[in-house]
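Residue numbers for the sequence shown follow my numbering, beginning at 1 and rising by one.
Where a beta carbon is used, it is the ideal one built from N, C-alpha and C, also for glycine.
Model, not experiment: these values are computed from the prediction.
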Amino acid sequence: MINSRITEVEKLSQNTSTIRFKWDQHAEAGQFIMVWVPGAGEIPISLSHLGNEKGITVRSYGVASEALIKKREGERLFFRGPYGRPFTKVEGRKLIIGGGSGMAGLLPLIDEKSHGIVAARTKSDLLFHDRFPRGHVTVVTDDGSAGIKGLAVDGLKGLRLEDFDVIYACGPEMMLKSILDRIRDSGVRAEFSLERIMKCGIGICDSCSIDGHQLCTEGPTFSLEEIASMREFGVTRLTESGRRIWLGKH
Ligand SMILES: Cc1cc2nc3c(=O)[nH]c(=O)nc-3n(C[C@H](O)[C@H](O)[C@H](O)COP(=O)(O)OP(=O)(O)OC[C@H]3O[C@@H](n4cnc5c(N)ncnc54)[C@H](O)[C@@H]3O)c2cc1C
Ligand code: FES
């Protein structure tokens with residue numbers, strides 16, 4: 001377990017904070033760490049900031065994430081990692097699609113050639129839409145409080161997929177499913193970062209498996225072709241007790 005002092009906590013909204021800490025370990029966009037909050041639990045969180053001072057951006061969701069965003073500068077952060085397969089680096093124009101807290105792990109990919117689709121339930125839930133080059137972000141909210149009223153996939157209207165060399169996406173599984181259905185026959189290269197319950201983070205417990213792939217070691221990033229061949233993607237997932245539940249409307 002690594003133990004690092006927190007150097008900064010930046011509150012981004014009522015329920016979301018970026019926690020910065022010193023850690024000179026090499027890590028790449030798309031990788032995650034398992035963060036242990038004593039008394040609350042251990043959860044997977046993507047690295048939102050790389051370099052010698054790393055960062056994670058956490059949205060309060062349940063017991064452990066809520067305890068994590070209450071951390072203050074000078075306190076200790078306990079974690080292990082980095083884990084997981086990073087996004088493949090592709091030169092050229094990137095289309096980056098992030099839904100909710102899914103934007104956190106995509107932040108290190110943004111450069112001057114990127115265009116973003118940033119989606120959230122409501123304006124106050126938008127994350128990192130201000131980090132894209134001016135005029136190169138499409139904002140989408142469920143309630144229309146900012147940008148287009150609709151879902152992330154609606155942000156693709158008006159964009160030409162052939163203008164991009166790669167699409168990177170992360171967000172709720174049903175969001176990723178609708179994007180997969182929209183782009184799968186376009187021939188564009190794409191990678192999605194998936195989420196599943198993770199307990200060990202190192203390929204032992206199988207709680208993160210999807211169609212026989214373990215997300216923590218083989219993912220969490222997968223190519224469009226790999227995801228298109230997963231029968232469980234967008235259909236079912238395992239709960240913390242290992243029970244299989246249906247996603248979406250069935
Ligand atoms: C690879 C990966 C990277 C992640 N990166 C980030 C990040 O950068 N920022 C961020 O805010 N969150 C991220 N998450 C999500 C984060 O791990 C969960 O929000 C967290 O585990 C919730 O734990 P909790 O104790 O706060 O909530 P709990 O009290 O454990 O959970 C509340 C509810 O959420 C469900 N749940 C818990 N974890 C997950 C999960 N992983 N997938 C689906 N449902 C779940 C539980 O079954 C329960 O119903 C990531 C998840 C993964 C797998
Ligand atoms: S989290 Fe245990 S095998 Fe992936």
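Among the residues of its own chain, which have a CB less than 6 Å from the CB of residue i, if the five just before and after it don't count?
{"i": "S101", "result": "R59"}
{"i": "I69", "result": "S17, V58, S60"}
Since residue i is in the beta strand (DSSP E), which residue starts that stretch and which ends it?
{"i": "M34", "result": "32–37"}
{"i": "E225", "result": "It is not in any beta strand (DSSP E) - E225 instead sits in the alpha helix (DSSP H) that spans 224–228."}
{"i": "C170", "result": "166–170"}
{"i": "N3", "result": "2–13"}
{"i": "A120", "result": "114–120"}
{"i": "T138", "result": "137–141"}
{"i": "E28", "result": "Element bounds for E28: n/a, residue is neither H nor E."}
Does the Cβ-Cβ distance between residue i and residue j come in under 8 Å?
{"i": "G41", "j": "V63", "result": "yes"}
{"i": "G81", "j": "T221", "result": "no"}
{"i": "D206", "j": "M230", "result": "no"}
{"i": "I148", "j": "K71", "result": "no"}
Taking DSSP as the reference, what is the three-state secondary structure of residue i?
{"i": "A67", "result": "helix"}
{"i": "H49", "result": "strand"}
{"i": "G158", "result": "coil"}
{"i": "A104", "result": "helix"}
{"i": "L77", "result": "strand"}
{"i": "H250", "result": "Below a pLDDT of 50, predicted positions are generally treated as unreliable, and H250, at 48, falls in that range; no measurement from the model is reported."}
{"i": "K199", "result": "coil"}
By alpha-carbon positions, which one of the options ends up nearest to residue i?
{"i": "I179", "options": "K149, S13, G98, H136", "result": "G98"}
{"i": "L194", "options": "F164, C200, S223, T57", "result": "S223"}
{"i": "V137", "options": "S145, G155, S124", "result": "G155"}
{"i": "G187", "options": "K177, W36, I167", "result": "I167"}
{"i": "G135", "options": "S114, A146, A120, G144", "result": "S114"}
{"i": "E91", "options": "I110, F78, M103, G74", "result": "I110"}
{"i": "Y61", "options": "S145, D165, Q14, E191", "result": "Q14"}
{"i": "G74", "options": "T239, N3, R237, M198", "result": "N3"}
With residue i as the anchor, note down where its alpha helix (DSSP H) starts and where it stops.
{"i": "T217", "result": "215–218"}
{"i": "R182", "result": "173–183"}
Note down, in chain order, each residue of its chain lying with its Cβ closer than 8 Å to the Cβ of residue i, except the 5 sequence neighbours on either side.
{"i": "L12", "result": "T18, T57, L127"}
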